[in-house]
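Chains A and B supply the protein sequences, listed in that same order. Residue numbering for the first sequence follows the numbering used here, beginning at 37 and increasing consecutively. Residue numbering for the second sequence follows the numbering used here, beginning at 5 and increasing consecutively. Structure record follows, encoded as structure tokens.
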Amino acid sequence: MRYAFYLGCVIPTRLFAYEASSRKVCRELGIELVDMEDYICCGTPIEAVSHRTWLVMAAYNLALAEKMGLDILTLCNGCVNSLKKANAGLKEDPGLRKEINSVLKKFGMEYRGRVEVKHLIKVLYEDVGIEEIKKKVKRPLTGLVAASHVGCHVLKPGWVMQHDSPERPKILDELIEATGAKTVDYPYKTECCGQTLRGLNDGISLALLQKKLGNIEDAKADVLVTICPACNMQFDMGQMEIRQKFKKNYDIPVMHYPEILGLAFGIGKEDLGVLTHKVKPTKLMKELTNGL
Amino acid sequence: MERFLKEVPGDTGINACYQCGTCMSSCPTAKFDRKYRPRLFVIKTASGREDEVIKSDALWSCTTCYTCQERCPRGIKVAEMIMAMQNEAARQGRAPEKFARTVSVLQKSGLTSELVGFVRKQREKLGLDALDATPEVRVDVVKKIFDETGINRLFEKVKGRKERKEKKENEEKKEEGGV
Ligand code: SF4
Ligand code: SF4
């Protein structure tokens with residue numbers, strides 16, 4: 037289990053708890069992460085305005101991993117979506133590949149379609165497996181009730197992503213349950229969190245967010261578990277915004293999956309960066325440690 | 005139409021649409037904005053009225069969640085069609101401000117988010133490597149890709165459109181003032 041580690045933009049610069057917890061749980065599980073030096077943004081943020089620019093940016097990163105001779109592991113739904121879509125599009129169209137390679141040549145790079153791209157969650161589920169993960173659990177999170185938000189871009193378009201069922205995803209919930217926690221369903225579970233509409237249509241972005249938070253609150257979840265930096269920021273920082281604007285306080289901690297996995301492995305909360313979130317999981321941490 | 009749909013890998017086959025509305029009833033944006041209708045985006049585009057879609061503000065309220073596309077019983081790549089329309093709108097100088105900001109940050113750091121001092125300390129605390137604060141290779145690569153693919157030209161057009169619009173408005177104001 038050796039992967040080229042593609043961190044993307046937001047995780048190393050803002051959501052370092054996601055990076056730290058991922059590195060630490062991967063180490064425990066024997067997944068070797070080889071950092072990609074000088075990678076660039078995956079292109080997703082500008083895909084809507086320039087398909088061509090997006091494709092070259094994604095292909096550049098794929099070509100970097102090809103040079104390393106390793107498949108890519110990412111932590112971000114946007115990155116995995118971008119890189120997998122580009123990979124699929126370029127593999128099926130030799131003409132397009134030639135055009136894109138004429139740009140990559142300027143950097144001494146070439147895309148050949150030799151690597152695959154996986155989200156961390158898929159690696160945990162397929163390469164490691166639920167049973168192996170359970171064996172490493174030293175401090176089961178018994179009593180914890182978690183709601184999950186898988187997010188859109190790791191699931192869809194389904195024919196490219198091949199990650200999990202787009203309508204009824206189960207991988208993340210199974211991984212959460214492997215820690216000893218319980219999962220709850222809630223209406224709108226597979227609905228978009230609204231993050232992509234930030235700066236384009238903030239009204240709808242917030243409406244979507246509130247709809248989901250309300251349902252998660254009703255489901256009496258102690259924590260919301262995400263696997264994407266964009267979704268995580270929308271839910272975590274979004275709660276601050278809603279508190280200010282609408283005087284509504286949901287107070288639902290939002291954690292990256294590897295953080296809760298790390299806690300179950302017995303890794304300290306400081307080492308995982310659990311307290312760097314905006315909505316502090318203080319109460320949750322107390323309950324968990326009392327249960328020891 | 006052909007000219008930009010070709011950019012989407014695979015065939016979008018929008019003519020197969022039978023207007024069932026599944027895309028619309030699946031759409032998160034449509035749940036909150038009744039004027040947002042992906043079904044109409046498709047029929048307008050299929051019937052040669054794509055200009056109405058390209059020029060509408062609604063075009064930019066798509067979350068890119070892909071649900072419409074996933075559920076379309078006719079296998080139409082609705083979300084990818086919408087993105088192709090956004091690309092065309094951008095070519096016409098209609099890209100929202102957000103994208104100009106993103107492009108400018110990308111040219112500064114090669115990523116969409118820059119490293120600040122506070123984060124550097126936090127990273128250290130968590131035992132993470134220091135990030136390269138002057139990522140010259142990254143910046144250089146992104147700039148070259150932008151030059152080669154001409155993304156900056158899109159925003160010159162946005163500026164041009166804005167200036168023309170303001171000029172027109174000013175002239176109209178002057179005329180009104182003169183009466
Ligand atoms: S779901 Fe497909 S067939 Fe039905 S209206 Fe939408 S695009 Fe047309
Ligand atoms: S991709 Fe866009 S149009 Fe399609 S369902 Fe999602 S928000 Fe609606």
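A virtual CB, placed ideally from N, CA and C, is assigned to each residue, including glycine. Remember, predicted model here, so these are calculated numbers, not experimental data.
- Across the structure, A:His199 and A:Val259 are spaced so that their CA atoms are roughly 24 Å apart.
- What B:Asn91 touches in chain A, judged by beta-carbon distance under 8 Å, is Ala84, Val85, Ser86 and His87, going in chain order.
- At a C-beta separation below 8 Å, A:Ala217 has no neighbours in chain B, since its nearest C-beta there lies roughly 23 Å away.
- The three-state secondary structure of A:Asp74, taken from DSSP, is coil.
- Classified as exposed, B:Gln23 has fewer than 16 neighbouring CB atoms from the shown chains inside 10 Å of its CB.
- In this chain, the beta strand (DSSP E) harbouring A:Lys218 covers Lys218 to Val220.
- For A:Pro202, the CB stays at least 7 Å from every heavy atom of ligand 2.
- At a cut-off of 8 Å between C-beta atoms, B:Arg127 counts as an interface residue with respect to chain A.
- The set of residues whose C-beta lies within less than 7 Å of a heavy atom of ligand 2 reads, in chain order, A:Cys228, B:Cys27, B:Ser30, B:Cys31, B:Pro32, B:Thr33, B:Ala34, B:Pro42, B:Cys66, B:Thr67, B:Thr68, B:Cys69, B:Tyr70, B:Thr71, B:Cys72, B:Gln73, B:Val82, B:Ala83 and B:Ile86.
- Selection A:Gly239, A:Tyr224, A:Tyr161 and A:Pro176 evaluated against A:Leu211 yields A:Tyr161 as nearest (Cα-Cα).
- Around the beta carbon of A:Trp90, 16 or more other beta carbons lie within 10 angstroms, which makes this residue buried.
- Rounded to the nearest whole angstrom, the CA to CA distance from B:Asn174 to A:Ile296 is 58 Å.
- Taking a Cβ-Cβ cut-off of 8 Å, the neighbours of B:Met87 in chain A comprise Glu83, Ala84 and His87, given in sequence order.
- Taking a C-beta distance under 8 Å as the contact criterion, B:Ser117 and A:Cys45 qualify as a contact pair.
- Ranked by Cα distance from A:Gly79, the options A:Val116, A:Lys142, A:Gly165 and A:Asp307 are led by A:Val116.
- The alpha carbon of A:Val173 has as its nearest neighbour, out of A:Arg38, A:Leu308, A:Ala300 and A:Thr232, the alpha carbon of A:Ala300.
- Residue burial is scored here from C-beta neighbours: A:Thr318 has fewer than 16 other C-beta atoms within 10 angstroms and is therefore classed as exposed.
- CA-to-CA, the gap between A:Arg150 and B:Glu74 works out to about 27 Å.
- At least one heavy atom of ligand 1 is found less than 7 Å from the C-beta of B:Arg78.
- Listed along chain B, no residue sits closer than 7 Å to A:Tyr161 by beta-carbon distance, the nearest being about 21 Å off.
- In the DSSP assignment, A:His185 falls within the unbroken beta strand (DSSP E) covering Val181 to His185.
- Under the three-state reduction of DSSP, A:Met37 is assigned to coil, being neither helix nor strand.
- Residues of chain A whose Cβ lies closer than 7 Å to the Cβ of B:Thr68 are, in chain order, Thr232.
- Below 8 Å, too few C-beta pairs join the region 154-168 of chain A and the region 298-312 of chain A to call them touching: fewer than three.
- Secondary structure at B:Thr26: helix, using DSSP grouped into helix, strand and coil.
- Interface with chain B (8 Å Cβ-Cβ cutoff): A:Cys62 is excluded.
- In the DSSP assignment, A:Tyr42 is bridged to A:Thr110.
- The DSSP assignment places complete alpha helix (DSSP H) segments of no fewer than 4 residues inside the region 37-114 of chain B at 42-50, 54-58, 71-75, 82-95 and 101-113, in order along the chain.
- In this structure, DSSP gives A:Glu323 a helical state, which the three-state scheme calls helix.
- Glu227, Cys228, Gly230, Thr232, Leu233, Gly235, Leu236, Asn237, Ile240, Ala243 and Leu244: these are the residues of the region 219-250 of chain A whose beta carbon lies less than 7 Å from some beta carbon of chain B, given in chain order.
- A heavy atom of ligand 1 is found nearer than 7 Å to the CB of B:Tyr22.
- Checking the DSSP bridge columns, you'll see A:Met276 has no partner listed.
- Taken in chain order, the members of the region 139-151 of chain B whose beta-carbon sits within less than 8 Å of a beta-carbon on chain A are Pro139, Val141, Arg142, Val145, Val146, Lys148, Ile149 and Phe150.
- Cβ atoms of A:Phe52 and B:Leu130 come within 8 Å of each other, at about 6 Å.
- Think of a sphere of 7 Å around the beta carbon of B:Asp37: the chain A residues whose beta carbon falls inside it are Ile240, in chain order.
- Looking only at B:Gly17, B:Cys27, B:Gly25 and B:Cys31, the smallest Cα-Cα distance to A:Gly230 is reached by B:Cys31.
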